[in-house]
Amino acid sequence: MERTHILFPALFAAASLAAGSAWAQGSDTITLGAAVSLTGKYSTNGKNTKDGYDLAVERVNETGGVKVGGKSYKLKVVYYDDESTSARGAQLVERLIQQDHVDFVLGPYSSGLTKAIAPVTEKHGIPMVEGNGADRDLFEKGYKNLFAVLNTSDYYLRAAIQLAAEETRKAGKNPADLKVAIAVENDNFSKDVRDGVAEDAKKLGMKVVVDDKLPPELNDMSATLAKVKAIKPDILVVSGHDKGATLAVKQVAADQVYVPMLALTHCDSAQIAEKEGKAAEYAICGSQWDRSLAYKDHWFGTAEEYAQRFQKRFKYEPPYQAAESTASVLTFVDAFQRAGSLDKAKVRDALAKTDMQTFYGPIKFDATGKNVAKSMVLYQVIGGKYKVVAPSQWAQTKIVFPAPPWDKRK
Amino acid sequence: MSNITLLFDTPVLALQLLADGILVGAIFALVAYGMALVWGVMKMINIAQGELVMLGGYVVIELAKVGLHPLAGVPVAAVVLFVFGWILYRLVIFRVVDRDLFISLLATFGLSILIQQLANGIFGSDVQSVDASLGTLLFFGGMLTLAKVKLIAFAAALVVGSVLFAFLRYSRLGQAIRATAQDARAARVLGIDTGRVYAATFAINAAICGAAGGLVAMTWIIHPYLGLTYTLRSFMIVIAAGLGNVAGVLGAGAGLGVAENLAGFVFGTEYQTACVFLLLVAILVARSTLLRRGRRYLQ
Numbered sequence: 001m002e003r004t005h006i007l008f009p010a011l012f013a014a015a016s017l018a019a020g021s022a023w024a025q026g027s028d029t030i031t032l033g034a035a036v037s038l039t040g041k042y043s044t045n046g047k048n049t050k051d052g053y054d055l056a057v058e059r060v061n062e063t064g065g066v067k068v069g070g071k072s073y074k075l076k077v078v079y080y081d082d083e084s085t086s087a088r089g090a091q092l093v094e095r096l097i098q099q100d101h102v103d104f105v106l107g108p109y110s111s112g113l114t115k116a117i118a119p120v121t122e123k124h125g126i127p128m129v130e131g132n133g134a135d136r137d138l139f140e141k142g143y144k145n146l147f148a149v150l151n152t153s154d155y156y157l158r159a160a161i162q163l164a165a166e167e168t169r170k171a172g173k174n175p176a177d178l179k180v181a182i183a184v185e186n187d188n189f190s191k192d193v194r195d196g197v198a199e200d201a202k203k204l205g206m207k208v209v210v211d212d213k214l215p216p217e218l219n220d221m222s223a224t225l226a227k228v229k230a231i232k233p234d235i236l237v238v239s240g241h242d243k244g245a246t247l248a249v250k251q252v253a254a255d256q257v258y259v260p261m262l263a264l265t266h267c268d269s270a271q272i273a274e275k276e277g278k279a280a281e282y283a284i285c286g287s288q289w290d291r292s293l294a295y296k297d298h299w300f301g302t303a304e305e306y307a308q309r310f311q312k313r314f315k316y317e318p319p320y321q322a323a324e325s326t327a328s329v330l331t332f333v334d335a336f337q338r339a340g341s342l343d344k345a346k347v348r349d350a351l352a353k354t355d356m357q358t359f360y361g362p363i364k365f366d367a368t369g370k371n372v373a374k375s376m377v378l379y380q381v382i383g384g385k386y387k388v389v390a391p392s393q394w395a396q397t398k399i400v401f402p403a404p405p406w407d408k409r410k
Numbered sequence: 411m412s413n414i415t416l417l418f419d420t421p422v423l424a425l426q427l428l429a430d431g432i433l434v435g436a437i438f439a440l441v442a443y444g445m446a447l448v449w450g451v452m453k454m455i456n457i458a459q460g461e462l463v464m465l466g467g468y469v470v471i472e473l474a475k476v477g478l479h480p481l482a483g484v485p486v487a488a489v490v491l492f493v494f495g496w497i498l499y500r501l502v503i504f505r506v507v508d509r510d511l512f513i514s515l516l517a518t519f520g521l522s523i524l525i526q527q528l529a530n531g532i533f534g535s536d537v538q539s540v541d542a543s544l545g546t547l548l549f550f551g552g553m554l555t556l557a558k559v560k561l562i563a564f565a566a567a568l569v570v571g572s573v574l575f576a577f578l579r580y581s582r583l584g585q586a587i588r589a590t591a592q593d594a595r596a597a598r599v600l601g602i603d604t605g606r607v608y609a610a611t612f613a614i615n616a617a618i619c620g621a622a623g624g625l626v627a628m629t630w631i632i633h634p635y636l637g638l639t640y641t642l643r644s645f646m647i648v649i650a651a652g653l654g655n656v657a658g659v660l661g662a663g664a665g666l667g668v669a670e671n672l673a674g675f676v677f678g679t680e681y682q683t684a685c686v687f688l689l690l691v692a693i694l695v696a697r698s699t700l701l702r703r704g705r706r707y708l709q
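Shown next as structure tokens:
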């Protein structure tokens with residue numbers, strides 16, 4: 001183990017030399033810094049994040065760059081690989097600021113890494129815009145330099161509860177009679193999802209009948225599902241990243257556990273509709289963004305046009321993780337132009353006053369730095385496809401609730 | 411404690427938990443049996459056990475992508491992992507097999523990290539699984555459900571267990587393996603090529619893990635970082651059952667599965683793992699008091 005510690009700093013030293021010289025090559029370039037997970041457990045989502053950033057940078061440079069104080073600048077990002085570990089992330093951001101002299105930082109992937117980095121950027125007064133750290137408590141620490149373009153994690157499945165209540169009311173029944181079962185992994189993100197659901201359920205008078213915390217080495221949900229089978233809740237909420245989504249879909253189908261609504265997070269990144277086939281049918285998924293939404297901006301056009309451009313460039317469909325990363329860069333660009341300066345304090349103040357439209361959705365920060373203008377999207381898997389069912393102004397189809405029982409499905 | 415009343419109100423549920431536990435435990439028992447074999451014969455604890463399971467899962471998943479039914483993929487995974495285990499032995503394990511236990515622990519721990527990262531690089535960090543589309547058996551109007559895939563996994567665990575038992579008892583190689591386990595030096599004196607025996611043992615263990623991994627891919631999920639769970643579980647099972655005891659390992663595996671499911675149901679899943687480890691401590695304490703009593707009689 002000791003040897004790796006000797007090896008890595010050497011590598012980084014070499015990398016920073018290269019980066020340092022690039023930074024020095026011209027003052028008409030604005031350099032952003034980012035530590036993202038290119039290896040380790042977040043490597044897939046880390047790549048999504050980096051691709052999102054890269055597409056934004058390419059597009060902004062193509063369309064004339066960033067105009068600050070009558071001068072046009074090109075954008076550039078210096079990347080490091082944080083290996084999906086918090087300690088490494090914090091170290092690398094320190095390096096970005098101290099040695100690469102980066103004044104503006106883009107977020108990493110995941111709440112955990114954002115949490116590790118935020119104190120560092122805060123200490124140096126460096127503004128960070130991020131699109132992949134959704135933990136609620138990130139915004140309760142009083143950070144002045146942290147801005148997030150996405151909805152916090154407690155919002156992921158609130159809409160599912162609201163929608164179930166709405167449908168129940170329409171069917172002439174009382175939403176307060178609905179029973180909710182919650183099974184979430186024991187991490188901050190999932191616990192936030194749980195709290196959001198529990199808060200809304202309580203407001204609507206629903207009863208939370210199962211409230212399980214799944215272990216981090218989650219590999220079997222049988223015990224929770226046995227309980228669900230006995231208590232027969234109307235809504236089963238599962239949040240446990242890709243693992244949780246896949247397991248829930250697989251085991252609910254294998255054990256033929258009937259719930260009128262199965263609400264999940266991470267279905268799109270876990271690709272449940274593509275990989276689990278019929279088992280995934282009627283599952284409800286919370287998502288930050290969808291290409292069918294009617295948002296647009298002058299860099300990319302509509303969400304759909306963004307998706308097409310992304311697909312052409314990277315040969316895969318953009319997940320929301322990529323879209324929100326792109327939006328983070330656009331937020332910086334907008335702030336640079338409004339600040340009319342590259343002074344980090346002025347850019348920070350401009351960021352705080354952000355009020356813009358993007359293909360990803362409207363962006364406007366509250367005092368704590370989270371985006372309060374955008375709302376979450378709900379999908380339902382219908383006929384093997386993700387269909388938007390909420391918010392209602394963009395719904396592609398009406399939600400199927402209650403889902404048909406297993407013996408009525410083909 | 412409403413969970414316990416729930417259990418009494420619907421006794422079918424207890425049956426469900428029991429069945430799930432036993433079926434699940436059988437898969438763990440398979441992995442544990444491989445570990446016990448390596449431990450008994452080579453006197454080393456293989457920390458990379460779970461990674462072998464993970465690789466077996468990926469073999470089945472990748473084969474399913476080119477159209478091979480996952481069930482048919484399971485024996486293929488066993489063969490592939492057999493070869494992999496053999497190579498691993500020839501490259502790395504043979505260097506540590508006669509050394510201190512600590513060295514083999516470190517070496518296999520290193521291997522586990524290496525295999526994890528390789529798998530991450532090759533297959534990506536996504537969670538994958540494969541659908542065997544075998545359906546589900548329903549009893550008591552759907553209250554008791556048994557996924558056929560779990561039944562098959564259970565049957566496979568029994569078959570592999572008995573084949574292994576017969577193999578060790580009656581075949582030449584099996585006898586050589588047992589002789590080496592009893593006393594490697596004496597076995598060498600009697601002309602047994604212990605190097606080959608070790609290689610075979612490690613390869614057989616890898617094959618068992620490969621088959622188990624295939625079953626895991628059908629029942630649950632596979633991702634590059636699931637190894638440790640399987641290593642720990644099999645370690646526990648071996649500790650509880652003792653070395654060289656096929657029936658004991660199966661029993662301990664099933665017992666562990668049931669305990670885990672019951673604990674998860676009654677106390678909530680957050681205490682599932684804690685309960686199981688508490689049980690392990692209880693077993694160890696009980697075992698050591700029993701042994702101490704036995705020792706006293708000897709004096």
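Sequence lines, in order, name chains A and B. With my numbering, letter number 243 in the first sequence gets 243, and the count goes up by one each step, no holes. Count along the second sequence starting at 1, add 410, and that's the number in my numbering. Idealized CB from N, CA, C, for every residue including glycine.
6 Å Cβ shell around residue i - same chain, five flanking residues per side excluded
i, result
"Leu293 (chain A)", "Ala303 and Trp394"
"Arg598 (chain B)", "Thr604"
"Tyr79 (chain A)", "Ala34"
"Phe719 (chain B)", "Outside the modelled stretch of chain B, which goes from 411 to 709, sits residue 719 (chain B), for which no answer is possible."
"Leu150 (chain A)", "Gly131, Ala134, Gln288 and Glu324"
"Leu32 (chain A)", "Val77, Phe104 and Leu106"
"Leu96 (chain A)", "Gly33 and Val102"
"Val333 (chain A)", "Val60 and Val66"
Cut-off 7 Å between Cβ atoms - residues of its own chain near residue i, not counting five sequence neighbours on either side
i, result
"Ala270 (chain A)", "Asp242, Ala245 and Thr246"
"Val448 (chain B)", "Met454, Asn456, Thr611, Phe612 and Asn615"
"Leu473 (chain B)", "Gly483 and Val486"
"Asn671 (chain B)", "Leu427, Asp430 and Gly431"
"Ala403 (chain A)", "Pro260, Met261 and Tyr282"
Contact set between residue i and chain A, taken where Cβ atoms lie within less than 7 Å
i, result
"Phe675 (chain B)", "Ala223, Ala226 and Lys227"
"Ala557 (chain B)", "Ala254 and Asp255"
Under 7 Å from the C-beta of residue i: neighbouring residues of chain B
i, result
"Thr44 (chain A)", "Gly534, Ser535 and Asp536"
"Leu214 (chain A)", "Thr679"
"Ala118 (chain A)", "Here the premise fails: no neighbours, minimum Cβ distance about 24 Å."
"Lys41 (chain A)", "Ser535 and Tyr635"
"Ala307 (chain A)", "Neighbours of Ala307 (chain A) on chain B: none; closest Cβ ~20 Å, over 7 Å."
Local Cβ density within 10 Å of residue i, reported as buried at 16 or more and exposed below that
i, result
"Phe687 (chain B)", "exposed"
"Ile503 (chain B)", "buried"
"His298 (chain A)", "exposed"
"Asn174 (chain A)", "exposed"
"Ile414 (chain B)", "exposed"
"Ser572 (chain B)", "exposed"
"Thr397 (chain A)", "exposed"
"Leu163 (chain A)", "buried"
"Ala586 (chain B)", "buried"
Within chain A, partners of residue i - CB distance below 9 Å
i, result
"Met553 (chain B)", "Lys229 and Ala230"
"Thr546 (chain B)", "Ala253, Ala254, Asp255, Gln256 and Trp406"
"Leu427 (chain B)", "Ser222, Ala223 and Ala226"
Min CB distance residue i to chain E below 8 Å
i, result
"Lys191 (chain A)", "The structure shown contains no chain E; its protein chains are A and B."
Where residue i meets chain B, residues with beta-carbon distance less than 8 Å
i, result
"Glu217 (chain A)", "Leu636, Leu638, Thr639 and Thr683"
"Ala270 (chain A)", "Asp536 and Val537"
Chain-ordered neighbours of residue i on chain A, where CB pairs are closer than 8 Å
i, result
"Ser539 (chain B)", "Thr246, Lys250, Lys275 and Glu276"
"Ile631 (chain B)", "Asn219, Lys243, Thr246, Leu247 and Lys250"
Cβ-based neighbour list, residue i, same chain, cut-off 8 Å, excluding 5 preceding and 5 following
i, result
"Ala254 (chain A)", "Ala279"
"Ala24 (chain A)", "Summary for Ala24 (chain A): the model assigns pLDDT 40, below 50, so the residue's position carries little reliability; its value from the coordinates is reported in the next sentence. None."
"Leu218 (chain A)", "Glu185, Gly240, Lys243, Gly244 and Leu247"
task: Scan the region 276 to 292 of chain A for residues whose Cβ lies nearer than 8 Å to a Cβ of chain B and list them as they occur along the chain.
output: Glu276, Gly277 and Ala279
field: Proximal residues, the region 238 to 266 of chain A versus chain B, C-beta separation under 7 Å
entry: Asp242, Lys243, Thr246, Leu247, Lys250, Ala254, Asp255 and Gln256
query: When Cβ atoms are compared, which residues of the region 163 to 188 of chain A fall closer than 9 Å to chain B?
result: Ala183 and Asn186
query: At what residue ranges does the region 570 to 601 of chain B contain a whole run of the alpha helix (DSSP H), taking only runs of 4 or more?
result: 582 to 592 and 594 to 599
field: Uninterrupted beta strand (DSSP E) stretches inside the region 206 to 251 of chain A (no shorter than 3 residues)
entry: 207 to 214 and 235 to 239
- request: Report the residue ranges of all alpha helix (DSSP H) runs contained in full by the region 617 to 684 of chain B; include only those spanning at least 4 residues, in chain order.
  value: 637 to 651 and 656 to 677
message: Restricting to runs no shorter than 4 residues, where is the alpha helix (DSSP H) found entirely within the region 300 to 379 of chain A?
response: 303 to 314, 320 to 339 and 344 to 352
- prompt: Just by C-beta distance, which residues in the region 468 to 485 of chain B are closer than 8 Å to chain A?
  reply: none
field: Selection of the region 414 to 444 of chain B by Cβ proximity to chain A, strictly under 7 Å
entry: Leu416, Thr420, Leu423, Gln426, Leu427, Asp430 and Val434
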